[in-house]
Each structure stands twice: as C-alpha cells, then as structure tokens.
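Student:
Residue numbers (this note's numbering): 1 to 303.
(1) May I ask you to report which of helix, strand or coil DSSP gives residue 134?
(2) Using the C-alpha atoms, what's the distance from residue 169 back to residue 193?
(3) For residue 259 and residue 22, what's the separation of their Cα atoms in angstroms?
(4) Tell me, to the nearest whole angstrom, how far the beta carbon of residue 117 is from that of residue 274; I am working on the premise that it is less than 8 angstroms.
(5) With a threshold of 7 angstroms on Cβ separation, who are the neighbours of residue 209 within its own chain once the five nearest residues in sequence on each side are excluded?
(6) Just tell me which of 236, 226 and 257 has its CA closest to the CA of residue 246.
(7) Buried or exposed, going by whether 16 or more other CB atoms sit within 10 Å of the CB of residue 280?
(8) Do the stretch 209 to 223 and the stretch 123 to 133 touch if we need at least three Cβ pairs shorter than 8 angstroms?
(9) Buried or exposed for residue 53, going by 16 or more other Cβ atoms inside 10 Å?
(10) Are at least three pairs of beta-carbons, each pair with one atom in the stretch 182 to 199 and one in the stretch 26 to 45, less than 8 angstroms apart?
(11) Can you tell which of 115, 183 and 145 has the C-alpha that lies nearest to the C-alpha of residue 278?
(12) Shortest alpha-carbon distance to residue 309 belongs to which of 155, 39 and 34?
(13) State yes or no: is the C-beta of residue 151 within less than 7 angstroms of the C-beta of residue 56?
(14) Does the distance from the C-beta atom of residue 40 to that of residue 222 stay below 7 angstroms?
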C-alpha cells in the first residue's frame with residue numbers, strides 16, 4: 001500500500017503541477033511518508049497514531065460533506081439507496097460468484113487476488129485492533145471495527161461514486177475516457193480538478209493521502225515491532241529502535257520496488273508477493289477459526 005501511495009501522490013503532482021514522476025519524486029515522497037508514520041509510531045498510540053487518525057478522519061468528513069452539498073445531492077441519495085438495494089438483492093449471487101457469471105478475469109483479479117492480499121494484511125491489522133480494543137466487549141469491538149466502517153463505506157462510495165456517475169452520464173466530465181487513456185489514477189485527479197475550489201482541494205487531498213498511508217503504516221509498524229519484542233504486554237510500547245528499524249525497512253522496500261520496477265509495475269510486484277503470502281496465511285486462518293469456535297463454545301460449556 002505504501003508503494004501504491006508513492007505512485008498515487010506522484011501522479012497527482014505530475015497531472016496537477018507538471019512535476020514528472022521519477023526516482024527523485026518517489027524518493028522524496030517515500031522519505032516524507034516514512035518519516036511521518038515512523039515518528040507517529042515512535043510517539044505511541046495516544047500521542048502519535050491517534051492524533052494522525054483523528055486528523056485524517058476529520059479531513060475525510062469535511063471533504064465528504066462538502067461534495068455532498070455542492071454535488072448532485074438528490075441524485076446521490078437515489079443512486080446510493082438504489083445501489084444498496086440492488087446489492088442486497090444480489091448479495092449471495094455476487095458473493096459466491098462462479099466463473100460463468102462474473103467471468104474468469106473478475107474471479108481472478110477480485111475474488112482470488114484481492115482476497116489473498118487482504119488475508120495477508122489481516123493478521124497484523126487484527127493484532128493491532130485487538131491491542132487498542134483491550135477492555136472492550138466483543139459487541140463494542142464489532143460495532144466500531146466492522147458495522148460502522150461498513151456503513152461509512154456505503155456513504156463514502158455513494159457520494160463519490162454517485163457524483164462521478166452523474167458527471168459521466170451528463171457529459172460534464174469524461175472519466176471513462178480519462179481512465180482508458182491515462183489510467184484509473186488519472187481519473188481521480190481529473191475528478192478533483194473538476195470540483196468547486198479544485199485548486200485548493202487537490203493539495204488537501206494529497207496531504208490526506210500521505211496521512212492515510214502513514215496511519216495504515218504506523219499501526220502495522222507498531223504491531224511488527226511488538227511481535228519482535230519478547231514478553232511485551234498489551235499496554236506496553238515496543239522499543240524505539242525496533243520501530244525505527246521496521247519503519248525505515250518498510251519505506252526502503254516500497255521505494256526500491258517502485259523506483260527500480262517502474263512505478264505501477266513495482267506496485268504490482270508487491271501485490272503479487274502479498275497475494276502469495278495471503279495464500280499461506282489462509283491455512284493459519286482455518287486453525288484460528290477452529291480455535292475461536294473452541295474458545296467461544298466448547299471451553300465455555302466446560303466452564
């Protein structure tokens with residue numbers, strides 16, 4: 001994800017300000033993002049990670065409300081409710097999508113490929129969520145980490161996606177042509193540039209992207225450092241040198257993959273590695289599911 005962040009922000013600099021992407025730009029971005037999430041991780045959960053997450057969330061909320069007000073509000077409401085209803089109606093068909101419905105490409109690049117990447121990141125993210133949720137009930141954990149984020153995702157994609165569809169359908173902005181000619185990333189910056197006050201919003205979004213990738217990376221960085229620390233408790237912070245070591249390592253690997261493999265190709269390489277790791281972790285997941293059933297039902301009955 002950090003490698004994707006380098007190419008994403010780099011493409012925005014190129015399209016908006018004419019700064020060509022290359023090794024120097026990616027290196028500068030890697031240093032900024034790595035320094036941000038490493039410092040945040042070193043400061044700890046309360047002083048670092050929490051502060052970045054709060055600031056990042058507030059900017060997202062402001063952007064979302066702004067687009068909802070200045071965008072096609074009624075169309076967004078209709079599209080979101082209709083899309084949600086259509087999704088619920090076809091939930092099981094799409095969720096269990098065989099090759100003859102979605103096609104081989106969809107099953108390969110979405111069901112298998114993306115799921116494998118998510119599985120690869122799930123153990124580290126799960127450990128971090130367990131650490132910050134210590135003392136909460138399972139119900140509270142599920143509401144905060146599953147239900148509310150899912151509802152927010154519906155609102156987020158409804159507002160941004162609804163606006164994009166409206167502009168495309170009315171001929172206001174040819175996002176499909178932009179995607180076909182310059183890729184999906186270019187469509188993001190074309191979309192932002194078409195918004196009211198786009199010249200102000202674009203740099204704000206770039207800063208928000210840096211914070212977003214930093215927020216994701218500092219939680220993973222802390223978790224990896226914790227796993228490498230013998231006897232650490234849930235309320236203890238790993239050693240600073242551990243956080244610095246893993247933070248610099250993650251930033252360096254992301255830069256090397258992007259710079260020497262050619263931008264998006266380097267990101268694809270990292271994704272393939274993550275997908276391969278996810279396939280291995282899948283077998284661990286099976287054991288964890290069995291363990292959860294034993295812990296929740298069998299052990300409880302015996303007690």
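Every residue gets a Cβ at the ideal spot worked out from N, C-alpha and C, and that includes glycine.
Tutor: Let me spell this out:
(1) Counted from its first residue, the chain shown places residue 134 at position 134. Coil, per DSSP.
(2) In the chain shown, counting from the first residue as 1, residue 193 sits at position 193. In the chain shown, counting from the first residue as 1, residue 169 sits at position 169. Taking the Cα positions, residue 193 is about 18 angstroms away from residue 169.
(3) Here residue 259 refers to the residue found at position 259 of the chain shown. Here residue 22 refers to the residue found at position 22 of the chain shown. If you take the alpha carbons of residue 259 and residue 22, they lie about 7 angstroms apart.
(4) In the chain shown, the residue the question calls residue 117 occupies position 117. In the chain shown, the residue the question calls residue 274 occupies position 274. Yes, residue 117 and residue 274 are in contact; Cβ-Cβ is about 5 angstroms, under 8 angstroms.
(5) Looking up residue 209 in the chain shown gives position 209. So the qualifying residues of the chain are 5, 8 and 9.
(6) If you number the chain shown from 1, residue 246 lands on position 246. Per the Cα distances, 226.
(7) Within the chain shown, numbered from 1, the residue matching residue 280 stands at position 280. The residue in question, residue 280, is exposed, as its Cβ has fewer than 16 Cβ neighbours within 10 Å.
(8) The stretch 209 to 223 is in contact with the stretch 123 to 133.
(9) Position 53 of the chain shown, counted from the first residue, corresponds to residue 53. So residue 53 counts as buried.
(10) No, the stretch 182 to 199 is not in contact with the stretch 26 to 45.
(11) Position 278 of the chain shown holds residue 278. Of the residues 115, 183 and 145, the one whose Cα lies closest to the Cα of residue 278 is 115.
(12) Limits of the chain in this structure are 1 at one end and 303 at the other, which puts residue 309 out of reach.
(13) Within the chain shown, residue 151 is the residue found at index 151, counting from 1. Within the chain shown, residue 56 is the residue found at index 56, counting from 1. No, they are not a contact pair.
(14) Within the chain shown, residue 40 is the residue found at index 40, counting from 1. Within the chain shown, residue 222 is the residue found at index 222, counting from 1. No, the pair does not count as a contact, with Cβ atoms beyond the cut-off.
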